[in-house]
Amino acid sequence: MLVLHANEVVSAGRIFDELWDQCPPPSAKAQLHSIVFRLRRLLGRTRIGTARPGYVLRASPAELEVDLVRDDVEHARRVLAAGDVESGAAMLRSALKRWRGPVLPELRCAAHVAAGLEEFRMAVLEERVDADLLLGRDADLVAELTGLVAEHPLRERLRAQLMTALASSGRVADALDVYAAFRRTMVGELGVEPSNRLRALHSRILRGEVAAGW
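What follows is the structure in structure tokens.
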């Protein structure tokens, strides 16, 4: 919890609730002191400070991998905006490799943080796919995007990218099938039509006017 909120004060009560599921034992305070003592021995006394109403883990941005990834992504975006698509795509690919799985799935307090990081990861992944589409890697992307669409069936940008990759690879009928399947899902499960942007992409594919970009 201290790592998730590095450089912020985390109250002792909040730590109690997480460690003991809102039912701390009478010895909770003593146990927490013992945990902090052991962490200080491991990390150094100045690393974990006492600050009312709890504790704070002190860390520099260079020590927090999330911040490092965000910096790498921002750098990649600047490179892409400058027109160097090849380098930008490679930088995004490198940043994505830092993800090793869900963020602390066993901690309830990490749920909202994990959800935000997963959304960030997916957005970066979609940006990398857009860059690869601009580089003409359509055929190579079809298998990856097919798997991603199956994993995230309601994520519209992935559908658009798969439709673009298929159509650009000469598989127009398959691209139209992807749209039709998505429309059935949206109407059947959510009662709404695909967005104007996706419908416009569908129309461009019908007219043979496919281009990368979303």
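Reminder that position 82 of the sequence shown reads as 82 in the UniProt record's numbering, one-by-one numbering, no gaps.
Using N, Cα and C, we set each Cβ at its ideal position, and we do this for glycine too.
In this structure Leu57 touches Arg47 by the C-beta definition: roughly 7 Å separates them, less than 8 Å. Its Cα nearest to that of Ala131, the residue Glu86 stands out among Ala200, Ser94 and Glu86. Ala6 has its alpha-carbon roughly 10 Å from the corresponding atom of Glu63. Two segments are said to touch when three or more pairs of C-beta atoms, one from each, lie closer than 8 Å; by this definition the segment 136 to 143 does not touch the segment 109 to 124. Shortest Cα-Cα distance from Val192 to any of Met163, Val66 and Leu154 involves Leu154.
The three-state secondary structure of Ala51, taken from DSSP, is strand. About 7 Å separates the CB atoms of Thr146 and Leu162; that is less than 8 Å, so the two are in contact. Under the DSSP assignment, Val10 falls in the beta strand (DSSP E) whose first and last residues are Val9 to Ser11. DSSP, reduced to helix, strand and coil, places Leu154 outside both helices and strands of the structure shown, so it counts as coil.
Contact between Leu166 and Val142 holds, since their C-beta atoms are separated by about 6 Å, short of 8 Å.
Ranked by how close their Cα comes to the Cα of Arg199, the residues Glu189, Asp174 and Ala160 have Ala160 in first place. Closest in C-alpha terms to Ala51, from the list Phe120, Ala12, Arg70 and Ala89, comes Ala12. For Lys97, there is no enclosing alpha helix (DSSP H), as DSSP marks it with neither H nor E.
Straight-line measurement puts the Cα of Gln31 at about 42 Å from the Cα of Leu125.
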